[in-house]
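Trainee: If you read the protein sequences in the order shown, they are chains A and B. Following my numbering, the numbering of the first sequence begins with 1 at its first residue and continues without gaps. Following my numbering, the numbering of the second sequence begins with 1 at its first residue and continues without gaps. A single structure is presented below for examination.
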Amino acid sequence: MNETSNVSKSKLHGLWALTNRELKKWYKAPVVFLLTIIQPVIWMSLLGKAMNIGALIPSNIPGVDPQAVLRATLGTGDYFSFMAVGMITFTTLFTTMFSGMSVVWDRRLGFLNKVLSTPVSRSVIVLSKVLSATLRSMFQAAIIITVAILLGLQFGAGFNPLNILGVFAIIFLICMGMSSLFIAINIRSTRIETPMAVMNLINLPLMFASNALFPINYMPDWLQAVANVNPLSYTTDAVRQLLIFSTDYARLALDFAYVGIFAAIVTTIGIVLSWRFLNK
Amino acid sequence: MSEDVIKAEGLTKVFNHNLVAVDHINFSVKHGEIFGFLGPNGAGKTTTINMLITVLKPTEGEASVLGYDIAKEANAVRNIIGVVPQEYTADEDLTGYENILLCADLYGIRREVSKKRALDLLELVELTAFKNKRVQTYSGGMRRRLELTCGLINRPKVLFLDEPTLGLDVQTRAATWNYVRTLKKEFGMTLFMTTHYLEEADALCDRIAIIDHGKIVVVGTPEELKESLGGDIITLSIQKDVDITGLVKKIEHVKEVKKENGSYMIKSENGEVTAPLIIEALRKEGHVVTKLSLMKPTLDEVYLQYTGKSMRDAEESREAVFTQRMTVRRARR
Chain A
1 MNETSNVSKS KLHGLWALTN RELKKWYKAP VVFLLTIIQP VIWMSLLGKA
51 MNIGALIPSN IPGVDPQAVL RATLGTGDYF SFMAVGMITF TTLFTTMFSG
101 MSVVWDRRLG FLNKVLSTPV SRSVIVLSKV LSATLRSMFQ AAIIITVAIL
151 LGLQFGAGFN PLNILGVFAI IFLICMGMSS LFIAINIRST RIETPMAVMN
201 LINLPLMFAS NALFPINYMP DWLQAVANVN PLSYTTDAVR QLLIFSTDYA
251 RLALDFAYVG IFAAIVTTIG IVLSWRFLNK
Chain B
1 MSEDVIKAEG LTKVFNHNLV AVDHINFSVK HGEIFGFLGP NGAGKTTTIN
51 MLITVLKPTE GEASVLGYDI AKEANAVRNI IGVVPQEYTA DEDLTGYENI
101 LLCADLYGIR REVSKKRALD LLELVELTAF KNKRVQTYSG GMRRRLELTC
151 GLINRPKVLF LDEPTLGLDV QTRAATWNYV RTLKKEFGMT LFMTTHYLEE
201 ADALCDRIAI IDHGKIVVVG TPEELKESLG GDIITLSIQK DVDITGLVKK
251 IEHVKEVKKE NGSYMIKSEN GEVTAPLIIE ALRKEGHVVT KLSLMKPTLD
301 EVYLQYTGKS MRDAEESREA VFTQRMTVRR ARR
């Protein structure tokens, strides 16, 4: 039998097989699957519903309308809506961080070497990790949006159901970027402790130095400087523009451009590093 | 095409600029043979195999598989080789069948072809009944067989086995050897394997290279290696206390005679043929043989002779120790 006729010549062969392998680990393990759904819901109800920022503003002072104050600071009269959108970014960040860990696990369990000995393209190995984290995050985002709506998310004026597509588009971009970043950081690592340490070091600072939980304008200058370059801020803003603000298209375009460029650069770096470091 | 399926010249791997794992080794593997790298853990076996399967780049020197350079034509090499790693790489949450199909996808094999091949291979290693069970439920031997099928899904011309029976119990190990032999016959491949089990090298390999501290110490068939020690050892005692050294030395095949504590140690090739000759010659001279034993040298002695020590593990990196432990733990389940 002629082997060449049995083989597909696509440069991307194996991409779906490897992506699906990662995804199966998740959706075939009911406990993990359930937790990834419950976790954002808990966060959202804890931070969004329990911490009612609006209640801090005294309503018995004449001339002060808590709704108006919130609208002036947050851009929406409802802190929960503000918060719920931040949760989407938050969850994305957490999910993509695990893609860095799975590289290290595959290395330690010998699976990486096995894959490296097959004709799969080195970039496909990295892309499959990126893609699986992205698909997982998008699924989680869908859950969060659904739950947020059930819990009373207030859509902005002029909200169009098609805006949801835009939300998924920006989540797709940020996930590509963030998971490529974490893979690039961990691609040479042989110890599982390294990605854990990296995650612990940067996840919360990255989160708080963005507009996900608190509006940037009210941060100290130095933190504003960080938040203004943090791609998570742009992602959160894009989702807010699409869901809960009356959409400012100029801002939205800027958000998409920024996150898009970030994703393109970091994914490229991830692929270049995979060429360099997967061949030791 | 030359007869050499694998050829290595001056192949060297240095880690972190100072740890020489493989030190200028030369060897060639002939078509259709099972070639084994024998040595303790940390001797450089896995590093060598990882270079040949294009996972590691050599620091110096070169090697080729079926004429393709492992560094410059890595993708061509990857298409024609099969790899069965030391670790259990099959995904625990997937079934055996799903795992083989995943391997097939990595080679870009079309689904309709890979389904048929997967079923055939499962049949060959007698896993058909378990194909839809999760790998979690498999025993060590079954996992090993599953790994074998994954390494064969692309119909490789050369199969690389890294410690194929690490951690398995003696019976499962022997059974695994049989599967390896069956598969080799079925597909007519050349095999390159590493092992630190002497009996495995002896039972399975056509030729062995003993590797120690990253260097090849000696290469040969198991028989040649054993004979290179000077042959079998016949120990005998006779009734009367007279010196028969001169008499025995004249017998064909006898190489060396030593008297020790009243018995004679005779080194000879083809001990089983020489022993009756010795008895016959002694009887003619009126001597009565009271005791006789024949010992064939094992690879243990060969190993001791060439490396100056018995098999023991060299120092190893933290990760290598971790992976081996994981493999052994899973094998025993």
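C-beta: ideal position from N, C-alpha, C; glycine also.
Comparing the C-beta of threonine 118 of chain A with each C-beta of chain B, is any distance below 9 Å?
Mentor: Yes - at least one Cβ of chain B is within 9 Å of the one on threonine 118 of chain A.
Trainee: Between the Cα of leucine 106 of chain B and the Cα atoms of A:Asp106, A:Pro119 and A:Arg107, which residue gives the shortest distance?
Mentor: A:Pro119
Trainee: Going by C-alpha distance, which of B:Ile49, B:Thr176 and B:Arg145 is nearest leucine 38 of chain B?
Mentor: B:Ile49
Trainee: Can you give, in chain order, each stretch of the alpha helix (DSSP H) that sits fully within the stretch 24 to 52 of chain B and has at least 4 residues?
Mentor: 45 to 52
Trainee: Measure from the alpha carbon of leucine 127 of chain B to the alpha carbon of each residue in B:Ile109, B:Arg110 and B:Glu98, then state which is nearest.
Mentor: B:Glu98
Trainee: Counting only runs of 4+ residues fully inside the stretch 53 to 92 of chain B, write out the alpha helix (DSSP H) ranges in chain order.
Mentor: 74 to 80
Trainee: Give me the Cβ distance between histidine 11 of chain B and alanine 63 of chain B, rounded to the nearest whole Å; I'm assuming they're in contact under 8 Å.
Mentor: According to the sequence displayed, residue 11 of chain B carries leucine and not histidine. With 8 Å as the limit, leucine 11 of chain B and alanine 63 of chain B qualify as a contact, their Cβ atoms being about 5 Å apart.
Trainee: Ordered along the chain, which non-local residues of its own chain (more than five positions away) have a Cβ less than 7 Å from that of lysine 45 of chain B?
Mentor: Phe37, Gly39, Thr194 and Ile211, listed in sequence order.
Trainee: Taking 9 Å as the CB-CB cut-off, is asparagine 75 of chain B touching chain A?
Mentor: yes
Trainee: Which residues in the same chain as arginine 136 of chain A place their Cβ atom closer than 8 Å to its Cβ, once the five residues preceding and following it in sequence are excluded?
Mentor: Leu23, Trp26, Thr36 and Thr95
Trainee: At which residue ranges does the stretch 114 to 158 of chain B contain complete alpha helix (DSSP H) runs of 4 or more residues, listed in the order of the chain?
Mentor: DSSP runs (the alpha helix (DSSP H)) wholly in the stretch 114 to 158 of chain B: 140 to 152.
Trainee: Pull up the CB-CB distance for threonine 92 of chain A and methionine 178 of chain A, whole angstroms please, since I reckon it's below 8 Å.
Mentor: 7 Å
Trainee: Within 10 angstroms of the Cβ of arginine 144 of chain B, are there 16 or more other Cβ atoms? Answer buried if so, exposed if not.
Mentor: buried
Trainee: Residue range of the beta strand (DSSP E) that glycine 220 of chain B falls in?
Mentor: Glycine 220 of chain B -> beta strand (DSSP E) spans 215 to 220.
Trainee: Which residues of chain B have a Cβ atom closer than 7 Å to the Cβ of isoleucine 111 of chain A, listed in chain order?
Mentor: Correcting the residue type first, residue 111 of chain A is phenylalanine in the shown sequence and not isoleucine. Listed by position along chain B, the residues whose Cβ is nearer than 7 Å to that of phenylalanine 111 of chain A are Thr89.
Trainee: Measure the alpha-carbon distance for cysteine 295 of chain A versus glycine 260 of chain A and round it to whole angstroms.
Mentor: It is not possible to answer for residue 295 of chain A, since the shown part of chain A is limited to 1 through 280.
Trainee: When DSSP labels each residue in this structure, what does serine 242 of chain B get in the three-state scheme?
Mentor: Looking at the sequence shown, residue 242 of chain B is not serine but valine. Coil.
Trainee: Going by alpha carbons, who is nearest to isoleucine 70 of chain B out of B:Val55, B:Leu198 and B:Val84?
Mentor: B:Val55
Trainee: Does the beta carbon of threonine 194 of chain B sit closer than 9 Å to a beta carbon anywhere in chain A?
Mentor: It does not: the Cβ of threonine 194 of chain B has no partner Cβ on chain A nearer than 9 Å.
Trainee: When Cβ atoms are compared, which residues of the stretch 180 to 208 of chain A fall closer than 9 Å to chain B?
Mentor: Thr190 and Arg191
Trainee: Excluding the five sequence neighbours on either side, which residues of its own chain have a C-beta within less than 7 Å of the C-beta of serine 81 of chain A, listed in chain order?
Mentor: Leu153, Gln154 and Ile244
Trainee: Skipping 5 residues on each side, what residues in its chain have a beta carbon closer than 8 Å to that of valine 328 of chain B?
Mentor: Leu166 and Gly167
Trainee: On the CB-based measure, 16 or more other CB atoms within 10 Å of its CB, does arginine 107 of chain A come out buried or exposed?
Mentor: With 16 or more Cβ atoms within 10 Å of its Cβ, arginine 107 of chain A is classed as buried.
Trainee: Using a Cβ-Cβ distance under 9 Å, would isoleucine 6 of chain B count as near chain A?
Mentor: no
Trainee: Based on the DSSP output, what are the partners of glutamate 260 of chain B in its beta bridges?
Mentor: Looking at the DSSP assignment, glutamate 260 of chain B forms a beta bridge with B:Ser263.
Trainee: Confirm, please, whether the CB-CB distance from alanine 142 of chain A to phenylalanine 168 of chain A is below 9 Å.
Mentor: Result yes, Cβ atoms of phenylalanine 168 of chain A and alanine 142 of chain A sit closer than 9 Å.
Trainee: May I have the straight-line CA-CA distance separating leucine 299 of chain B from proline 222 of chain B, to the nearest angstrom?
Mentor: 7 Å
Trainee: What does valine 198 of chain A pair with, by DSSP beta-bridge criteria?
Mentor: DSSP lists no partner for valine 198 of chain A.
Trainee: Check whether the Cβ atoms of leucine 213 of chain A and methionine 101 of chain A sit closer than 9 Å, and answer yes or no.
Mentor: no
Trainee: When DSSP labels each residue in this structure, what does threonine 235 of chain A get in the three-state scheme?
Mentor: helix
Trainee: Could you tell me which chain B residues have their CB closer than 8 Å to the CB of valine 31 of chain A, listed as they occur along the chain?
Mentor: Listed along the chain, the chain B residues whose CB falls inside 8 Å of the CB of valine 31 of chain A amount to none; the nearest CB is some 12 Å away.
Trainee: With distances taken Cα to Cα, identify the nearest neighbour of isoleucine 34 of chain B among B:Gly286, B:Ile266 and B:Ala203.
Mentor: Out of B:Gly286, B:Ile266 and B:Ala203, B:Ala203 has the C-alpha closest to the C-alpha of isoleucine 34 of chain B.
Trainee: Strictly below 7 Å CB to CB, what residues from chain B border serine 99 of chain A?
Mentor: Residues of chain B passing the Cβ test: none, with the nearest at roughly 17 Å.
Trainee: In angstroms, rounded to a whole number, what distance separates the CA positions of phenylalanine 182 of chain A and leucine 201 of chain A?
Mentor: 12 Å
Trainee: For the alpha helix (DSSP H) holding glycine 86 of chain A, just list the boundary residues, first then last.
Mentor: 79 to 108
Trainee: How would you label glutamine 324 of chain B, buried or exposed, when you count the other beta carbons within 10 angstroms and need 16 or more for buried?
Mentor: So glutamine 324 of chain B ends up on the buried side.
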